[in-house]
Amino acid sequence: MTAQHHGRHLTMAVAMRVYNSERFVGDHLRSLITQSVVPDEIVIGDDGSTDGTRAVIETVRSEAAARPESAGIVWTLLPSEHHGIAGNIERTMAACTADIVVVCDHDDISYPDRFERIRDAFESRPALLFVHGDADLIDETGASMGARLAATQAVSEWERGRYRAGEALDVLIRRNIVTGATAAFRRELLQSATPFPRSWVYDEWLGIVAAGLGGTDYLDDPTIGYRQHSSNKTGVRRRGVRERMALLLAPGAARNERLRTRAEVLVSRFESLGDRVPPARLALAQQKRDHERARNAFPVNRLRRAIPVLRAASTGAYGRFARGRKDVLLDLVQPIR
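Heads up, the final residue of the sequence shown is numbered 336 in numbering that gives the first Met the number 0, and it's a clean run with no missing numbers.
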């Protein structure tokens, strides 16, 4: 049976991390309790808020209990303790018990059919482990900014095509396009992806591990309003010319070391998953690791560095494992110290 799980619909959980979120969290929670398919559980990890966040949560929980459609939601508010962003989202996800975990940032708005669309995607494809996708950008007031996340990320038709072909790893091995605020995954993915390595952000890590296992997809139509405001920990922003020039001239040693470490961690995790990761995908990760090791070992002197950089570029390695000409230029110009 592919449309349902053991003869029933898949259950749905919200994983939401909050910290001093009283300004926006009520709006997002209200958009969750009025879904066309309401979540079965809402799990909230509070990272030690000092404002009225928990009071707002309790208010919306009371509103949900008064609505027949949402009265059955099981709410779990984890102890208000400081764990940091990575630790807090990991404990929040681990506390979810439903089949599907939907990541919900405290300051966004979920569209009314978000959970229905996500459930349909997973029920129609039993091998699917992880989905993410596009979003509409909204401002602090919730008004449309007239732009979408995929456009600001410059998600290409080639990248969408690789996703459609079931080869999202070809995309994510080059660069991250996963935004956690849009993501959902089968809870069983946590068995392969946890503990989250600190060299990776949780959302890109979940996406790339699922891609290695063969189960990552992209939803083209936006499912959320992705709020942009001054206190965003993450968000969408285009770099200006001066900032791009400063980046080009900034020391690149720490970045190269970070990329090498991340690639090695990925290979190690894929190897630990055994034959669940097809040989071709493991080989791709190993080639990515070798490419980042080579970049990390480039000579400090720019003239001496040019030969190995251009040699790697001629093989197509920068196109397969990095951002193409952008990273070629960085490796040719950036100082390494």
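We treat Cβ as the ideally placed atom computed from N, Cα and C, and that holds for glycine.
- Ranked by how close their Cα comes to the Cα of P334, the residues A252, R292, I306 have A252 in first place.
- 7 Å or more divides the Cβ of A14 from the Cβ of V130.
- With a threshold of 16 other beta carbon atoms within 10 Å, N87 meets it and is buried.
- In this structure D133 is in contact with L148, their Cβ atoms being roughly 5 Å apart against a cut-off of 8 Å.
- Across the set G315, S35, D107, E80, the C-alpha of D107 shows the shortest separation from the C-alpha of L28.
- The C-beta separation of L31 from C103 comes to about 7 Å, placing the pair in contact by the 8 Å criterion.
- Between the alpha carbons of R301 and Q227 lies a gap of roughly 39 Å.
- Taking 7 Å as the cut-off, the beta carbon of E122 is found no closer than this to the beta carbon of V73.
- DSSP places S69 in the coil class of the three-state scheme, outside both helix and strand.
- Scanning D138, L77, Q285, E291 for the CA closest to the CA of G44 turns up L77.
- By the beta-carbon neighbour count (other beta carbons within 10 angstroms, threshold 16), D98 is buried.
- Going by beta carbons, L331 and D216 fall outside the 7 Å limit.
- The three-state reading of DSSP puts E21 in coil, since its state is none of H, G, I, E or B.
- Under the three-state reduction of DSSP, I108 is assigned to strand.
- Beyond the five residues adjoining it in sequence on each side, L9 comes within less than 7 Å, by CB distance, of D98, I99, R118, F121, E122 in the same chain, given in chain order.
- In this chain, H290 is not harboured by any beta strand (DSSP E); it is covered by the alpha helix (DSSP H) spanning 278-295.
- Annotation for F320: I172, R173, Q286, K287, H290 place their beta carbon closer than 7 Å to its own, counting only its chain and skipping 5 residues before and after.
- Here the region 206-225 lies against the region 263-282, with 3 or more beta-carbon pairs under 8 Å apart.
- In the three-state DSSP reduction, W199 falls in the coil class, being neither helix nor strand.
- With distances taken between CA atoms, R259 lies nearest to A293 out of E89, I207, A293.
- In this model, V37 and D135 are separated by some 21 Å (Cα to Cα).
- D46 counts as buried, since at least 16 other C-beta atoms from the protein chains shown sit within 10 angstroms of its C-beta.
- Note on the region 121-184: whole alpha helix (DSSP H) runs with a minimum of 4 residues are 148-152, 156-163, 168-171, in chain order.
- For T215, the enclosing beta strand (DSSP E) starts and ends at 215-218.
- Measuring C-alpha to C-alpha distances from A284 to each of A262, D219, N175 identifies A262 as the nearest.
- For E68, the closest C-alpha among the options T33, I306, L309 is that of T33.
- Taking 7 Å as the cut-off, the Cβ atoms of P196 and V264 count as close.
- The beta carbon of S143 is closer than 7 Å to those of D135, I137 in its chain, skipping five residues each way along the sequence.
- Of the residues P221, L189, W204, F23, the one whose Cα lies closest to the Cα of M92 is L189.
- When secondary structure is reduced to three states using DSSP, A97 falls in the coil class, being assigned neither helix nor strand.
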